[in-house]
Every structure is written in C-alpha cells, then in structure tokens.
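Each remark here refers to the structure printed beneath this line.
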Amino acid sequence: MAITTSTHIIEGKHQKPILLDFRLPVNNTPVPVVIFVHGFKGFKDFGAFNLIADHFAEAGFAYLKFNLSHNGTTPEHPVDFVDLAAFGENNFSIELDDLGTVIDWLHQLPEKSRLDLTKLYLIGHSRGGGLVLLKGGEDQRVQKICTWAAVSDYGEKWTTAVQQYWKEQGVIYVTNGRTKQEMPLNWQLCDNYLKHINRLSIPAISKQLKQPVLLVHGTNDQAVSYTSAERLHSWISGSELLTLPDANHVFGTKHPWEESSLPDHMQQVVDKTIQFFSK
C-alpha cells in the first residue's frame, strides 16, 4: 500500500507550536485514524516510534504522532530537550488542550475526505496513556482508546509533604536517566492539577468512559507498576487487558532504535492494538 508522509507545525493554544507527522495510506475508501501520544520525558520520534507508525499505516490506518507543545523539544530540535523552561511550565491541562488542537486540525484538513473520522482512535504511552483516557472522557469524537504502560493516577505520589516542599521551593527537579539533564517541574504543575481535578482525575474519568478500551502493560515495568493496569481494568467497564509477562516499560525498545524490526514484546503490542482497532 502506498503511503504519504508529511510533517506539520500547528499553532497550540499555549504559545508553543505543536510538531506532528502524519502517515496517510493511499486508499480507495476513507481510512480510520490513529493519534499517538508520547509520555513524560518522551517525544514523537523516540526509539521505534517511527517504525511503529509504519506498521499502522501499512495496516490501513492514517497515523499521527506529535510532540506535546511543552515537552521540552522544539520544531528545530524535535528529539532534544533544549527548552527546559517550557518543560517546567508544562501541565496536564496544556497537554489535554494540545491533543484537542490536534484532533481539531484533523477535522479541518483539506484531505479529510480521505479519512474516516467516525473511526478516530487514540494510543497513549505511559503518562500519555492517562491523557488519552481523560480525552476520551471529554471528547466524544474519540471512538476507541488503547493505553501502553499507562499511569492510573497523576497525583498519587504527591503527598502533603511533597506538595508543601514543592510549593515552598517553587520547583523540583527530575533526572533524565538517558540524557542526564536535571529537568524542572514548576509548582504550577501540581497547582494546576489540584485546581482542575474534575478534568484531570484519571480514576474518576475512567469509571465514566463509554468507549472500548484496550490496556497493555508488562509485568516487568519498572517505571509504571503493573498494578496501574489492574486498577484501570477494574475501573473501566468492559475494558480488555493484555498482560505481557516480563515486558518492560518500553516493551523492549530503546532510543535510538537502529533495528529494522520491532522486538518481540513491542511487536505483540502493535499486533494486538491493530487487531483491537480493526474490530
């Protein structure tokens, strides 16, 4: 199947642009659309994400992935965290708005006649998994949702003591294990979460979801415990849970990914997700 690939920069609602790439199969009939959302300290071209996008496009899906506007990269440096000031000002409300902007963009495309936007599906990895669940709760254009190694609660580790210290300091830092950068999280992240908890509570929103949901998680995930998937599965009525024994948080991939094929765990994830979206 012939596939066209294009790159676009679109205006976000929060002063920072959104860089995306879009694979569109050349087909006689409109094709369903998948939007992929990366996670914390992630970006759209991490590891095997381009190879994964090719798999979905070859299976007959339009596939869009994008850099969240405040993830610390820029359109000029899409895989490097060169804008740590933006990273520090990121929050879940901004990320939800970014995803909404991308969905709106699809509905305004000149080529939208080639898309079946009644079949709009979301995939989110890690923190992005929480994001696609929240977006499904507020946007009925979303028809199916799949999470890969998703978090189940954004604020569960923010104890009263953590919040007090964070507020007093104004910022805390997380180390990027890959780049060794000290990445800032400004207090506004927690403050925004607390002020907008009705929009940002994954447990509450998950219990109200109407769309079909597939949850994928490995039992050897050191970043987000498998317990997270079990909790989501118990909250989301009718959800499917694919458990991958011994799989890690990135399902055997790494950055950079220089192989021409996917590792076994990630290939299983992709195959199952394509099957789920094809039902």
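Residue 139 in the working numbering sits at position 131 of the sequence shown; the count goes up by one each step and never skips. Backbone N, C-alpha and C define an ideal beta-carbon position, used for all residues, glycine too.
Check                                                                                               : Outcome
Cβ-Cβ distance between Gly137 and Val110 below 8 Å                                                  : no
Beta strand (DSSP E) runs wholly inside the region 33 to 87, at least 3 long, in chain order        : 39 to 45, 70 to 75
8 Å Cβ cutoff, Leu76 in contact with chain D                                                        : Looking at the structure shown, chain D is missing, and only one protein chain is on hand.
Ile43 beta carbon less than 8 Å from that of Leu27                                                  : no
Assigned secondary structure, Val140 (DSSP; H/G/I helix, E/B strand, else coil)                     : helix
Proximity below 8 Å, CB of Pro33 to CB of Met9                                                      : yes
Candidates Ser268, Thr12, Asn35, Val140, of which the one nearest Gly55 by Cα                       : Ser268
Per-residue DSSP class, three states only, for Met9                                                 : coil
Best match in Leu114, Ile244, Arg135 for proximity to Leu125 [C-alpha to C-alpha]                   : Leu114
Close Cβ partners of Ile213 (< 7 Å) along its chain, the five nearest in sequence each way excluded : Leu141, Leu142, Gly145
Three CB pairs or more closer than 8 Å across the region 247 to 258 and the region 187 to 203       : no
6 Å CB neighbourhood of Arg135 in its chain, flanking five on each side removed                     : Gly47, Phe48, Val159
Contact set for Val258: own chain, Cβ-Cβ below 7 Å, skip 5 residues either direction                : Gly55
Reduced DSSP category for Pro211 - H, G, I as helix; E, B as strand; rest coil                      : helix
Nearest candidate by alpha-carbon position, reference Ser101, set His133, Arg239, His78             : His78
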